[in-house]
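Mapping to this note's numbering: the sequence shown position 78 is 862, numbers consecutive. The C-beta atom is built at its ideal place from N, Cα and C for all residues, glycine as well. Heads up, the thing below is written out as structure tokens.
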Amino acid sequence: MASRRGRDVTRVPGDKSISHRALLLGALAEGENQLTGLLPGADCQSTRSVLGRLGVELPELPDDAGLLTFRGVGVAGLRAPDGGPLDCGNSGTTARLLLGLLAGAGVRATLTGDDSLRSRPMRRVTEPLSAMGAEFREEGEEGRLPIRVESGVQHTLEYRTPVASAQIKSALLLAGLAAGVAVTVSEPDRSRDHTERMLRMAGVPIHQEVVGSRWKVSLPAPPVGVSRWSLSPFTMDVPGDFSSAIFLIALGLLREGDPLRLKHVGINPTRTGALPVLERMGARIRYESTRSLDGDVGEPVADLVVRPGSLTATTIGAAEIPSLIDEVPILAAVASRARGRTVIRGAEELRVKESDRIHALVTNLRILGVDVEEFPDGLAVTGSERPLEGSVETYHDHRIAMAFAVLGALPGNRIDIEDPSLVEISYPGFWEALG
């Protein structure tokens, strides 16, 4: 995928968020799906495995991003699983979206996951689903997996989310889709919109608008005489994952050499908030061959050309966080090499990701000798040019591992990464691409 200098990378793995949704919504479609570019990482394998338990015949995910063909079972075609709980592994997306889908479909099942996933909050999804009439039984710690779906959704819902969360929004939209009821979700800021785009691609009329200071997304009830919306099957080449590309973009900015070119990268504006942040820090990033998949409703993609250069500090506020939440670890790493003090606030959601990412970043940056300050909702990083050396802990979090791996790849730095295999969750082949 890349030379030792990492300058001839042509394409990063498929987008993880879109891959999850392509599998889930493809399973609900009526007809044959044809998907290329899917991410074969561990989280998407969890989604594939769970769908198989629910009666969807899915082949193995291709390791080479090749063609995956499978038939959906329709919105009403999921069946209750035989045997034990549905294991979502480490995938919060799998767990939260399935809580909504199973509740909407009225499929009784228990969802569980690994130790990390079982520590993450789920009531942010189950509480609004309960307001729709669904019933759940918590079989573990309060508000955590394992959770059993006992009965299905009965009512429409108008819900104001306390935070901008694509997982909450998507779970509620899937619940309404499967139950055949209207759902409206209002967010304080716009979260990633892959679910809405894919539902429109499948023929479902999703409406989006700004109301006051909030972003509103609505799924209407199906027409009179129709119990549920039906989904057309998908033919799609999944874009490269911007949240994976950002690590190579950071390396291309920080390490001297020829320009780095990345092809077919997803540039959905609800995902790429890190790009304007880097640009105001002085980054030189050029878009080429900008285009859209499946016309106006599909995902925007482009080729990116990255040139190295010096960077200066910036401030990232709460309004920017929803569009760059997964990129905060690498932005903090980049800030450690920029001139001045970079401040990141309004990111308290990072406390409940795969790890407490704020704590993980602050702890590891201090181990390397970086001047860093911790806040309840973020951190401040003062950059320097001095070499960084030390052993960092990943906290079982792939994005923490990759962020510090980028710093470790810079000349003069000597950084050991505990449990480097974690990167396979979202970026198979990462170490080869890093060079």
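Taking 8 Å as the cut-off, the beta carbon of Ala1117 is found closer than this to the beta carbon of Val1190. Gly798 and Asp1025 have their alpha carbons spaced roughly 5 Å apart. As computed with DSSP, Ala813 is found in a beta bridge with Leu1015.
The residue from Glu925, Ser949 and Thr910 with its alpha-carbon nearest to that of Ser935 is Thr910. Shown here, Lys800 sits in a helix according to DSSP, grouped into three states. The beta-carbon distance between Asp1087 and Lys1047, rounded to whole angstroms, is 5 Å. This is short enough to meet the 8 Å contact definition.
Contact check for Leu1015 and Leu809: beta-carbon distance about 6 Å, within the 8 Å limit, so the pair qualifies. Across the set Gly868, Gly1050, Pro1017 and Tyr943, the C-alpha of Pro1017 shows the shortest separation from the C-alpha of Leu852. For Leu885, the enclosing alpha helix (DSSP H) stretches over residues Gly876 to Ala889.
Comparing alpha-carbon positions, the option among Glu922, Ala963, Leu913 and Leu822 lying closest to Thr945 turns out to be Leu913. Per DSSP, Arg908 is one residue of the alpha helix (DSSP H) stretching across Arg907 to Ala915. Residue state for Ala826 is assigned as helix, using DSSP reduced to three classes. Only buried fits Asp871, as 16 or more other CB atoms lie within 10 angstroms of its CB. By the Cβ criterion, the region 968-983 is in contact with the region 997-1005, since at least three pairs of Cβ atoms, one from each stretch, lie closer than 8 Å. In the DSSP annotation of this structure, the continuous segment of the beta strand (DSSP E) that includes Val1089 starts and ends at Pro1084 to Arg1091. Cβ neighbours of Gly858 within its own chain (closer than 6 Å, five residues either side excluded): Glu814.
The three-state reading of DSSP puts Val937 in coil, since its state is none of H, G, I, E or B. Taking all protein chains shown into account, Thr979 has 16 or more neighbouring C-beta atoms within 10 Å of its C-beta and is therefore buried. With distances taken between CA atoms, Ala1034 lies nearest to Ile1114 out of Ile1114, Pro1106 and Arg907. Under the three-state reduction of DSSP, His1048 is assigned to strand. If you compare the alpha carbons of Gly1196, Glu1202, Gln818 and Val1089 with that of His1180, the shortest gap goes to Glu1202. Excluding residues up to 5 positions away in sequence, Gly1057 and Ala1058 lie with their Cβ nearer than 6 Å to the Cβ of Leu1108 in the same chain. Relative to the Cα of Thr894, the nearest Cα in the group Ala915, Leu901 and Pro865 belongs to Pro865. If you look at Arg1141, you'll find it in the alpha helix (DSSP H) that goes Arg1141 to Ile1151. When the beta-carbon positions are compared, Val969 and Leu956 come within less than 8 Å of each other. Using a Cβ distance threshold of 8 Å, Phe1159 and Arg1129 count as a contacting pair.
The residues Gly798, Ala849, Asp1021 and Val1022, in chain order, have a CB closer than 6 Å to that of Gly821 in the same chain once the five nearest residues on each side in sequence are set aside. Nearest Cα to Leu1095 within the set Glu1157, Ala811, Pro1053 and Glu1063: Glu1063.
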